[in-house]
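Shown next, in structure tokens, is the structure this report addresses.
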Amino acid sequence: MPTDPRVLFGQRLIEARKAKSWSQERLALESGLARSYLGGVERGQRNIALLNIYRLAEALDVTPSFLLELPSQDQA
């Protein structure tokens, strides 16, 4: 399992997005963030800002802490 928190956050974000059956494009529209930025976050290439974590959590109807939990084993 990766240990880089950016990668772990990205995996958790993918898990939450797929649970809603949303594409990156849909999440981008719902959160107001750029799709290319979201792709970088999901790949663990971006160091996401706290305000963006809150935007994503609100769009996905989850708590910010949910996004910071370790991803499920089947996603890792």
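With full-length UniProt numbering, the residue at position 7 of the sequence shown is 7, and numbering never jumps. All C-beta atoms in this analysis are idealised placements derived from N, C-alpha and C, irrespective of residue type, glycine included.
Take Ile-48, set aside five residues on each side of it, and the residues of its chain with a beta-carbon closer than 6 Å to its own are Val-41, in chain order. By the criterion of a C-beta distance shorter than 7 Å, Arg-35 is surrounded in its chain by Gln-24, Glu-25, Ala-28, once the five residues flanking it on both sides are discounted. Residue state for Pro-64 is assigned as helix, using DSSP reduced to three classes. In terms of Cβ geometry, Pro-71 and Arg-12 form a close pair [threshold 8 Å].
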